[in-house]
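Engineer: In my numbering, the protein residues as written are 26 to 105.
I'd like to ask you about the structure that follows.
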């Protein structure tokens, strides 16, 4: 494990200390855990299209059930 130096505001550090004491853990443990969580959630996450929730974009304006209909829809410049 590598030792690092970081600068944080006093209120943030005090809150980490208070929470660590309440959990009977060290402040450095909580900060390491927070860094790992950030890495997992923000930096390492590779989202698949399959993981996305569906979104409603409103009512269907024109049925495009065949490929020809879809191509015509994509070429149509008169859409409202």
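Glycine included, every Cβ here is placed at the ideal spot set by N, Cα and C.
Could you give the C-beta distance for residue 30 and residue 41, rounded to a whole number, given that I count them as a contact under 8 Å?
Structural biologist: That pair is no contact at about 15 Å.
Engineer: Go ahead and pull the three-state DSSP assignment for residue 56.
Structural biologist: Residue state, collapsed to three classes: helix.
Engineer: With DSSP as the reference, label residue 36 as helix, strand or coil.
Structural biologist: Of the three classes helix, strand and coil, the one that applies to residue 36 here is helix, per DSSP.
Engineer: Please confirm whether residue 87 and residue 98 have their CB atoms less than 9 Å apart.
Structural biologist: Closer than 9 Å, so yes.
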